[in-house]
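First up is the structure itself, then whatever we jot down about it.
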Amino acid sequence: MNMSKLESILKGRSSQPHQLIEVLHDVQDSYGYIPEEAMREISVFLGVPLIEVYRVASFYKAFKLKPSGKYVITICNGTACHVRGSQLLLDQVASQLGIKHGEVTEDGLFSIEHVNCLGACALGPIASENGSYHHKMTPAKLRKFINSLSRQEKEEVKHA
Amino acid sequence: MPKLASKEDLEAMGRQLLSKRQKMTKTLILCGDTACKAAQAQEVIDAVNKELLAQEVDSTVHLRVTGCHGFCEQGPVAVIEPGNVFYCHITPEDAHDIVTKTMQNGEVIERLLYADPISGEKIRTESEIPFYKAQDRQLLSQNKEVNPCSIEDYIAIGGYTALAKAIESLSPEEIIHEIKVSGLRGRGGGGFPTGRKWAECYEAPGDEKYVICNADEGDPGAYMDRCLLEGNPYLVLEGMMIGAYAIGATKGYIYVRNEYPLAVKHARLAVEQARKFGLLGEDILGSSFSFDVDVARGGGAFVCGESTALMASLEGKVGEPRAKDVHTVVDGLWHKPTTLNNVETWANIPSIILNGASWFASKGTRGSKGTKILALTGRIKNTGLVEVAMGTPIRDIVFDIGGGATDGKAIKAVQTGGPSGGCLPVDKFDLPIDFDVLYEAGSMVGSGGMVVMDESSCMVDVAKYFLTFLQDESCGMCVPCRLGIDRMLEIITDITEGRGTPEQIDLLEELADTVTQASLCGLGKTAANPVLSTLRYFREEYEAHIKSHQCPAGVCKALIEYSIDPERCTGCGRCIRACIHGAISGEKKEPHVINPELCQKCGICRGECKQEAILVK
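Chains as they are written, first to last, in our numbering: chain A, 661 to 820; chain B, 204 to 820.
Written out as structure tokens, the structure reads:
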């Protein structure tokens, strides 16, 4: 784990326990998840017991304790998306990739997340890929989209 | 940039910015909100910018990228001033025509106009569109006037003059009195009178007090707070400043959902700019009032919408609520007196100060004043954000503004108030949007989510959806909520899977009562509402599941069978390719068949079939 990023995140926040959640957000933004080493460092630096750091990191949905895939496919399961068939999208993506939500494909390329609401309810159902939103999704559009990402990945491997 | 040192400074700057703005004769207002961006708005913005430069009109045509215009369904949308011309479903390819024809020559492009879904007639201006015509857009209309990254835009339209008026000519008592008389009630869900909250916090002993803006909009299906904070963060901030001055707070926090990255960005920018202009910091506008704001990101926990849990989270702790024996207005953030209001509540403050309490109270009903922003979504034509005067009947919102059902299906219910609210059937659509009326009807206004459901939604499944959500989101601290929701979900699952018994309905009602009475915080106290309201108005659907093992809407998988109508099937093969379970087979141009052993009843084939040949029974 590259510690320099963590050092710059923690800078100026020494012994400020109330900064814990903001620090965890920054760590996740930089590393993609919350590594155990980072939790240990944070604990010492902010003066929060390690068990409390872990408790907070595991309580909030925003924090992941394991790395995600290269492409994070997020399906919004808000009420408006639900009544417009977001469950179909979850079924589609789970069976296409052979993983459940919260898991990563063996090749580390994809992971599936679902979220309570992305706030673009009027255009639901919404699927997002690494934070870019796709509106009025259908299982067929999603299947093609994931296939295109896989193809793109294979091309990159070929040219690498 | 010298800091603004007085009310006169601010007004002079406002006049100067306004005249500069008026020199630009033509303005193209493009929506750059998250929802429009999901529909490629960023690509449109880039293309328009490129055209403006290429055609060398970037000095006469003002491009303003703004927050949400409301009519998200038609996104990306644009309004052209002067003329109020409204364009919808814009693509990057349209940029050339928009700049050449409309911006340069004043020509209206027919293909980009909104077509009335009933008459098919093209409508030229925004104000003539039925979706907008029936609204009263006090807060949302400001979005169009302001680039959310430019404090100058906000000052040009009179921004921060309410703050200036408050600190120069009103005492804290007078402001609190004004808010009390206005009848403003909390827009986040509870509907608590805002003026009373402020008065209690003002009177609470202590020199250190806080104000908090709750932007942790956790209700799935509601996004008005995102749009206000994304589209006009200055307005929310101005409301907070006035509140802080009134109660005597020197520090404020905006607690915003991390799932709203644009709202986080714009809120931070607004705070930074306000500091730069001297509107936050020491001795604001030459007065003795000092105040500063920090933006904190939420962790994605629904329970943090509850005030005590939110405050725990701001302190860097797990978001668990506590008993409110002593209210947060006395013992809040770091045990100091704290006033917490929702985004929309704060956004209402500046106009009350400027226009007076009686102006605000002239709209609405006896117990619910002003306007309310609603997120109109689900199975209707015109989805988006709407703002109406309190007291507007649900029917007007769903049919006049929302345009009624999609696909010719009959509308069955509207779900209001998020997971704490309930489902109201069509025969209750004459009820007005009013805190007390909707509460008595078994639902609530809540934060303003309105999800419309038609005959393709199963109400037992809807109850199950909310219980699943709440089970996941319950913090687990108190037993009635943690276990009560679990048990209710077990029963509902039994019902949706054909194992339900009539006695279970009684047990469900008993459990609902216990969870409501005995839970610690608002999440648990209202968790049974989706169950109770569906039982109250759609009991026959529960009975159909239990007695005849049928799901009338064809949603509950254990109770339905998929088959293909051989008369309608043309043998095109689309469903075979779409089926992820390999359950469909058949020769080309011959009717296909579904193997019930392999079929997982996911419904993907149904969406694919152009002939509507997939039957669900």
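Virtual Cβ for every residue (Gly too), placed ideally from N, Cα, C.
Being a predicted model, the structure only gives us computed values, none of them experimental.
**Message:** Between B/Lys-584, B/Ala-367 and B/Cys-772, which has its C-alpha nearest B/Lys-813's C-alpha?
**Reply:** Selected option, being the one with the closest Cα: B/Cys-772.
**Request:** Taking C-beta pairs closer than 7 Å, name the residues in chain A that B/Cys-275 reaches, listed in chain order.
**Result:** Ala-782 and Leu-783
**Message:** Can you check whether the C-beta of A/Ile-759 is within less than 7 Å of a C-beta belonging to chain B?
**Reply:** Under the Cβ distance rule, A/Ile-759 does not count among the residues neighbouring chain B, no pair being separated by less than 7 Å.
**Message:** So that I know if they touch, is there some Cβ in chain A lying closer than 7 Å to that of B/Ala-644?
**Reply:** No, B/Ala-644 does not count as interfacial toward chain A.
**Closer than 8 Å at the beta carbon, the chain B residues around A/Leu-748** = By Cβ distance, chain B contributes Cys-805, Gly-806, Ile-807 and Gly-810.
**Item:** Presumed contact (8 Å Cβ cut-off) between B/Gly-424 and A/Thr-798, rounded CB distance
**Value:** Not really, about 20 Å apart at Cβ, beyond 8 Å.
**Message:** Taking the beta carbon of B/Ile-321 as the centre, do at least 16 other beta carbons fall within 10 Å, making it buried, or is it exposed?
**Reply:** exposed
**Prompt:** According to the neighbour-count rule (16 or more other Cβ atoms, all chains shown, within 10 Å of its Cβ), is B/Leu-670 buried or exposed?
**Reply:** buried
**Request:** Decide if B/Trp-549 is buried, meaning its Cβ has at least 16 other Cβ atoms within 10 Å, or exposed.
**Result:** buried
**Request:** Could you list the residues in the region 610 to 629 of chain B with a C-beta less than 7 Å from some C-beta on chain A, going in chain order?
**Result:** Residues Gln-618.
**Request:** Please go through the region 551 to 603 of chain B and give each complete alpha helix (DSSP H) segment of 4 or more residues, from N-terminal end onward.
**Result:** 560 to 564
**Prompt:** Do the region 623 to 635 of chain B and the region 686 to 706 of chain A make contact, defined as three or more Cβ pairs closer than 8 Å?
**Reply:** no
**Item:** CA nearest to the CA of B/Ile-604, picked from B/Gly-620, B/Ile-583 and B/Val-617
**Value:** B/Ile-583
**Request:** Taking only runs that begin and end inside the region 643 to 727 of chain B, name each unbroken beta strand (DSSP E) of 3 or more residues, in chain order.
**Result:** 652 to 657
**Request:** Just list the alpha helix (DSSP H) runs in the region 260 to 299 of chain B, keeping only unbroken ones of 4 residues or longer that don't cross its boundaries, in chain order.
**Result:** none
**Asked** Buried or exposed: where does B/Asp-249 fall if 16 or more other Cβ atoms within 10 Å of its Cβ makes it buried?
**Response** exposed
**Asked** Between the Cα of A/Leu-783 and the Cα atoms of A/Glu-763, A/His-678 and A/Val-743, which residue gives the shortest distance?
**Response** Ranked by Cα distance from A/Leu-783, the first of A/Glu-763, A/His-678 and A/Val-743 is A/Val-743.
**Asked** Span of the beta strand (DSSP E) holding B/Asn-544?
**Response** 541 to 545
**Asked** By the criterion of Cβ-Cβ separation under 7 Å, what are the contact partners of A/Glu-682 in chain B?
**Response** Ala-499 and Arg-500
**Request:** State the beta-bridge partners of A/Tyr-731 as determined by DSSP.
**Result:** A/Phe-770
**Item:** Contacts that B/Ser-524 makes with chain A (C-beta to C-beta distance below 7 Å)
**Value:** With the sequence shown as reference, residue 524 of chain B is identified as Pro, and Ser is not the correct amino acid for it. Those within 7 Å of B/Pro-524 in chain A number zero; the least Cβ separation is about 13 Å.
**Message:** Does B/Arg-739 come out as helix, strand or coil in the three-state DSSP assignment?
**Reply:** helix
**Prompt:** Is any beta-carbon of chain E found at less than 7 Å from that of B/Arg-771?
**Reply:** The chain labelled as chain E is not found among the protein chains of the depicted structure, namely A and B.
**Prompt:** In this structure, does DSSP put B/Tyr-413 in helix, strand or coil?
**Reply:** strand
**Asked** When the distance is taken between beta carbons, is B/Val-591 closer than 7 Å to B/Gln-338?
**Response** yes
**Prompt:** Just curious, the beta strand (DSSP E) that A/His-794 is in, first and last residue?
**Reply:** 792 to 794
**Asked** How many angstroms separate the CA atom of B/Asp-610 from the CA atom of B/Asp-657?
**Response** About 10 Å.
**Item:** Residues bridged to B/Arg-172 [DSSP beta-bridge criterion]
**Value:** There is no way to answer for residue 172 of chain B, as the model of chain B reaches only from 204 to 820.
**Asked** Could you give the distance in angstroms between the alpha-carbon of B/Ala-257 and the alpha-carbon of B/Met-306?
**Response** Our two residues, B/Ala-257 and B/Met-306, have alpha carbons roughly 14 Å apart in a direct line.
**Request:** Go ahead and pull the three-state DSSP assignment for B/Pro-396.
**Result:** strand
**Message:** Which complete beta strand (DSSP E) runs does the region 302 to 381 of chain B hold, if anything under 3 residues is left out?
**Reply:** none
**Prompt:** Is the region 527 to 545 of chain B close to the region 410 to 424 of chain B, with three or more CB pairs under 8 Å?
**Reply:** yes
**Cross-chain neighbours of A/Ile-786 in chain B, by beta carbon under 8 Å** = Ala-241
**Asked** Relative to the alpha-carbon of B/Lys-368, which residue among B/Gly-235, B/Val-533, B/Ile-552 and B/Ser-516 has its alpha-carbon at the smallest distance?
**Response** Ranked by Cα distance from B/Lys-368, the options B/Gly-235, B/Val-533, B/Ile-552 and B/Ser-516 are led by B/Ile-552.
**Prompt:** From what residue to what residue does the alpha helix (DSSP H) around B/Cys-775 run?
**Reply:** Element bounds for B/Cys-775: n/a, residue is neither H nor E.
**Local conformation of B/Phe-638 per DSSP, three classes** = Judged by DSSP in its simplified three-state form, B/Phe-638 adopts helix.
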